[in-house]
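So for the sequence shown, this note's numbering puts the first residue at 2; every next one is plus one. Written out below as structure tokens is the structure these notes cover.
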Amino acid sequence: MAFAGSHSASSLITASRVRDSFLSAIIGKASELISAHRKRKALAILEALPMEVRKDIGWQTGN
């Protein structure tokens with residue numbers, strides 16, 4: 002027996018999929034931002050090393 006204002010099972014499943022899809026998109030974007038931040042931080046650390054150390058590890062010296 003369906004009550005007034007109740008949702009059908011298919012509409013609940015669809016809403017759940019939309020919510021899961023939205024959350025997946027948010028999590029994916031957050032992961033991209035975290036990865037980009039880590040990359041920028043690592044590059045800054047490498048670029049702060051002395052020229053001799055960068056040459057020894059094969060990093061670009063800027064010349």
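Backbone N, C-alpha and C define an ideal beta-carbon position, used for all residues, glycine too.
Arg55 and Leu47: beta carbons closer than 8 Å? Here residue 55 is taken as the residue at index 54 of the sequence shown, counted from 1. Here residue 47 is taken as the residue at index 46 of the sequence shown, counted from 1. In this structure, Leu47 lies closer than 8 Å to Arg55 by Cβ.
Classify Ile58 as helix, strand or coil using the three-state DSSP reduction. For the purposes of this step, residue 58 is identified with residue 57 of the sequence shown, where counting begins at 1. Correct three-state label for Ile58: coil.
How many angstroms separate the CA atom of Gln93 from the CA atom of Lys40? Only positions 2 to 64 of the chain appear in this structure, which leaves residue 93 out of reach.
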